[in-house]
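These notes concern the structure reproduced below.
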Amino acid sequence: MEKKIIINHHEVNSGDSELPSANSEIRVLLVDDQAFIGKIIGRMLEPENDIIFHYFQSAREALKMTDSISPTVILQDLVMIEIDGLHMVSYFRAKRKTRHTPLIVLSGHEDPKIKAEAFALGANDYIVKPPDKIELIARIRYHSQAYINRLQRDEAHRRVKEQSIKLRNTNEQLREQIAERKRVEEALRESKKKAETEREAAESANKKVMDSIRYAQMIQSSLLPNPDNIRNFLTDSFFIWMPRDIVGGDFIFTDYFEDGFIIAVVDCTGHGVPGAFMTMIASFGLRKIIRDEGWRDPAQILKRLNFFVQTTLQQDTDYALSDDGLDAAICFVKSDEAMMTFAGAKLPVIYVCEKQLTLVKGDGQSVGYKKSDLRFNFTNHRIDIRRGMCFYMFSDGYVDQLGEKTDRRFGTRRFKNLLQENAHLPFEMQRKILLQAFKEYKGRNEIQDDVTVLGFGFGS
């Protein structure tokens, strides 16, 4: 990486006017009218390839250039001829772009009163000159990273809020259109003379409702992971995804890495548009935790997702109106070690090996609800992968389906027997058998819940 140190002139990197991003370098702005201090600190920071150092001997020039530099930390001399250092602190805090930028005051003396005044005006730290190199770099990195993390967190909240507004608007439109349809149908019953006219109006309103729901389905499909990607790294696999309505609250999440892959089945609160809304929040959270934060450990992913959902919906507060969350099963398969790590939030994983079926239960804790304990540590279960093993992940929609003849649940025992009896068959045939058994048992009953079943293996 090319090292860049900028001293007392106007050159800045292209894009410096933007706020720091996830991969941005640390930008240090030093304002000190003593040139030798600028040289000392410049030499200290020169070996640090990820730190760009901007030095200004003139305080007024520094104030002019601040917006174009977008520093991640400001080093401010306390005693200067041109402008008083404490006034400079106030100026930086008054500017919109540096209102929250970490600011470290540099002083030649350790004076508690001056320190207190600096902190009161908005300074974040105080260092006596000349600074120790190791301490200075450590403080620069600490304050810069905290600032960058804050910007990233604010951006994530902004994106979630935008999606929430879009879904809320769609839902409101659906309610208005459904209400309109009911008014039209009532008018049909009251007036036989206008029956044909009102019927056409009802059909038109119904078409608008269905078009809106299908549009919501398109939004959900574009934002959620595509289950077809499973076959890119698991050729022996099948999946069943049957939402109760056009859109639903179940989804399959996958992510592939050089040393393995993550696969998850998630069952969110609700059905239809509300359930689809929750899937988008959960899917965004998983992508952030796995891709941005770099987590691979299923138990830690569930713990971070618990925090993300609860805080995103503000369900960690007393004034929260919602109480939504999810159940999930997450597996991380490490290819080179033939090892699978599983953790579950109320959802299990089943595997069949040499005709023997084993059900590994998840923890009894759900994710994201008001009563979900943010301190709860989920449990990892490690499973050695053997050739010929079959694994199954599923939401509760299949086993909770009521039968037409008995009006009883399909049940976990019946489901386990069905898997065990057919685990030796090709996965596509297993899928057909599961669908046929579900259809026959359900009969003319409506589907009670979203249904998701995922099966995969590692060769015979």
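So the sequence shown is residues 1 to 460, counted in the UniProt record's numbering. Ideal Cβ placement from N, Cα and C applies to all residues, glycine included. This structure is a prediction, so every number in the text was calculated from the model and none was measured.
{"Query": "DSSP state of residue 423, grouped into three classes?", "Result": "coil"}
{"Query": "Measure the C-alpha to C-alpha separation of residue 112 and residue 85 and round it to an integer number of angstroms.", "Result": "16 Å"}
{"Query": "Give me the Cα-Cα distance between residue 38 and residue 81, rounded to the nearest whole angstrom.", "Result": "16 Å"}
{"Query": "Would you say residue 478 and residue 422 are within 8 Å of each other, going by their C-beta atoms?", "Result": "Summary: the structure shown does not reach residue 478, with the chain confined to residues 1 through 460, and so no result is reported for it."}
{"Query": "Strictly by DSSP, which residues pair up with residue 345?", "Result": "328 and 363"}
{"Query": "Of the choices 442, 330 and 75, whose alpha-carbon is the least far from that of residue 42?", "Result": "75"}
{"Query": "As a quick exercise: from 168, 356 and 298, pick the residue whose alpha carbon is nearest that of residue 276.", "Result": "168"}
{"Query": "In whole angstroms, what is the alpha-carbon distance linking residue 106 and residue 257?", "Result": "46 Å"}
{"Query": "Return the chain-ordered list of same chain residues with a C-beta closer than 6 Å to the C-beta of residue 135, the five sequence neighbours on each side being excluded.", "Result": "none"}
{"Query": "Ignore the nearest five residues each way along the sequence and tell me which others in residue 447's own chain have a CB closer than 6 Å to its CB.", "Result": "244"}
{"Query": "Considering residue 154, what are the terminal residues of the alpha helix (DSSP H) in which it resides?", "Result": "133 to 190"}
{"Query": "Note down, in chain order, each residue of its chain lying with its Cβ closer than 8 Å to the Cβ of residue 101, except the 5 sequence neighbours on either side.", "Result": "71, 72, 73, 74, 92 and 147"}
{"Query": "What did DSSP end up calling residue 429 once you bin it into helix, strand or coil?", "Result": "helix"}
{"Query": "Can we say the segment 350 to 364 touches the segment 306 to 320, given the rule of at least three CB pairs closer than 8 Å?", "Result": "no"}
{"Query": "If you run the structure through DSSP and keep just helix, strand and coil, what is residue 314?", "Result": "coil"}
{"Query": "Can you give me the Cβ contacts of residue 440 inside the same chain, cut-off strictly under 6 Å, excluding the 5 residues immediately before and after it?", "Result": "none"}
{"Query": "Pull up the DSSP beta-bridge partners for residue 264, would you.", "Result": "253 and 330"}
{"Query": "Between which two residues does the alpha helix (DSSP H) holding residue 247 run?", "Result": "Segment: none, residue 247 is in no alpha helix (DSSP H) and carries neither H nor E."}
{"Query": "Anyone know if the C-beta pair for residue 395 and residue 265 falls short of 8 Å?", "Result": "yes"}
{"Query": "Nearest-angstrom Cα distance between residue 281 and residue 329?", "Result": "17 Å"}
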